[in-house]
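So the protein sequences, as listed, match chains A and B.
The first sequence: position 21 = 37 (the numbering used here), numbered continuously.
The second sequence: position 51 = 1127 (the numbering used here), numbered continuously.
To start, the structure itself, in structure tokens.
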Amino acid sequence: SQQGEEDPQALSIQEGENATMNCSYKTSINNLQWYRQNSGRGLVHLILIRSNEREKHSGRLRVTLDTSKKSSSLLITASRAADTASYFCATESNTGKLIFGQGTTLQVKP
Amino acid sequence: NAGVMQNPRHLVRRRGQEARLRCSPMKGHSHVYWYRQLPEEGLKFMVYLQKENIIDESGMPKERFSAEFPKEGPSILRIQQVVRGDSAAYFCASSPSGQSYGYTFGSGTRLTVV
């Protein structure tokens, strides 16, 4: 069964605005990862946050993790048209298995 | 480094035929994971393999699906007697060890059963 629940399912913003996506999960985790998928393509790893971390930055990306609420958020600042894609969170079990959420489809309008 | 290579990119099979999907992990990676993505959905774990061993196949359907990762050559996901419901994108990911620093995914094989 899917572990992650993401919201919103779809998000449409103007270029330059910030985009925030949320992810909730159910069981204990080693880490939580965010991936991007352009239409018809494979997944690209964006950022990984470990269970003992609360916040992590990478360029225009900011990820937070709240293990008490079993939730994470991905913030993309100053969005660009090229950020248009689907974004997935995934939690990693002890065996390395990733459990993905349903994803958020982001559209950034130029 | 060519990354994770999957082939074919697109595969069309008639109902009842066999589908063989190949995944060559990144150089030096001995751990391979297969995932399936149905249209408009997230990826679902199928199987985790190391060289010559199946570590976790909890996501594999009980019948018609099998996977291997031989000592030499790519990992193979095999689907026998395909049905229309098998139509999906199949992705593999590799890592150098069981611990993750973020997985590298292949571009996927899109299987269409007609």
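Glycine is no exception: its CB is placed at the ideal position from the N, C-alpha and C atoms.
Distances from the alpha-carbon of Arg1112(B) to those of Glu1094(B), Met1136(B) and Lys1127(B) put Met1136(B) closest. For chain B, the residues of the region 97-121 of chain A that bring a beta carbon within less than 7 angstroms of one of its beta carbons are Phe104, Glu108, Thr111, Gly112, Lys113, Leu114, Ile115, Phe116, Gly117, Gln118 and Gly119, in chain order. Secondary structure within the region 1077-1138 of chain B: the beta strand (DSSP E) runs of 3 or more consecutive residues, fully enclosed, are 1081-1083, 1086-1089, 1095-1100, 1107-1113, 1119-1126 and 1129-1132 (chain order).
At a cut-off of 8 angstroms, the C-beta of Gly75(A) has no neighbouring C-beta in chain B. By the CB criterion at 8 angstroms, Phe116(A) and Leu1119(B) fall inside the cutoff.
Residue-level contact check: Phe1121(B) touches chain A, since one or more beta carbons of chain A fall below 8 angstroms from its beta carbon.
Of all residues in the region 1164-1184 of chain B, only Phe1167, Ala1169, Ser1171, Gly1174, Gln1175, Ser1176, Tyr1177, Gly1178, Tyr1179, Thr1180, Phe1181, Gly1182, Ser1183 and Gly1184 place a beta-carbon less than 8 angstroms from a beta-carbon of chain A.
Nearest neighbour of Leu77(A) by Cα position, chosen from Lys85(A), Ile65(A) and Leu27(A), turns out to be Ile65(A). If you ignore the 5 residues before and after Gln1126(B), its C-beta comes within less than 6 angstroms of the C-beta of Ser1106 and His1107, all in its own chain and listed in chain order. Under the DSSP assignment, Gln49(A) falls in the beta strand (DSSP E) whose first and last residues are Asn47 to Gln53. With respect to Gln123(A), Thr100(A) sits close: the two C-beta atoms are nearer than 8 angstroms.
Burial state of Arg1154(B) is exposed, judged by a 10 Å Cβ sphere holding fewer than 16 other Cβ atoms. Nearest to Val1123(B) by alpha-carbon distance, out of Gly1092(B), Ala1143(B), Lys1138(B) and Pro1115(B), is Ala1143(B).
Per DSSP, Glu1148(B) lies in no beta strand (DSSP E) and is assigned neither H nor E. Taking Phe1141(B) as the centre and dropping the five residues before and after it, the same chain places the C-beta of Ile1155 closer than 6 angstroms to its C-beta, in chain order.
A check of alpha carbon separations from Val1158(B) across Glu1094(B), Glu1116(B), Phe1167(B) and Ser1170(B) identifies Glu1094(B) as the nearest.
Put simply, the region 95-110 of chain A touches the region 42-56 of chain A. At least three CB pairs are less than 8 angstroms apart. Judged by DSSP in its simplified three-state form, Arg66(A) adopts strand. With three or more CB-CB distances shorter than 8 angstroms, the region 79-96 of chain A counts as touching the region 30-37 of chain A.
CA-CA distance, Trp50(A) to Thr80(A), rounds to 11 angstroms. DSSP places Asn38(A) in the uninterrupted beta strand (DSSP E) bounded by Ala35 to Ser40.
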